[in-house]
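In full-length UniProt numbering, the protein residues as written are 1 to 99.
Note that CB positions come from ideal geometry on N, CA and C, so glycine has one too.
Only a predicted model underlies this, so the values are computations on that prediction, with no experimental measurement involved.
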């Protein structure tokens, strides 16, 4: 599956919308140099989240005193060998998976 078809399927998946409301919102973008994942994480400190990568999967976990939430983003290509960078700016966690 190419990335455009994958993005269309991801954005139309009702479970994705459900998780946007019950866990935390995640948006995925395709740019020339990277795939960008933005997670809207309210009032989260840098030591309260973890990003892990498996072959085709990126996992964002929130580990606060009140709750533990998780979102998994499955990619149509292997990402475990790609350069991955995450930054937190206010309430948005941005994860870049460089192409």
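**Item:** residue 48 - DSSP class collapsed to helix/strand/coil
**Value:** helix
**Message:** Please list the terminal residues of the continuous beta strand (DSSP E) segment that includes residue 92.
**Reply:** 92–98
**Item:** residue 27 (DSSP reduced to helix, strand or coil)
**Value:** strand
**Asked** Can you tell which of 58, 34, 63 has its C-alpha closest to the C-alpha of residue 44?
**Response** 63
**Request:** Kindly indicate which residue of 83, 77, 41 has the alpha-carbon position closest to the one of residue 67.
**Result:** 41
**Message:** Quick check on residue 35: buried or exposed, where buried means 16 or more other Cβ atoms within 10 Å of its Cβ?
**Reply:** buried
**Asked** residue 75 to residue 27, Cα distance in whole Å?
**Response** 13 Å
**Prompt:** In the structure shown, what three-state DSSP assignment does residue 8 receive?
**Reply:** helix
**Asked** Should residue 97 and residue 82 be called a contact, given that it needs their Cβ atoms to be closer than 8 Å?
**Response** yes
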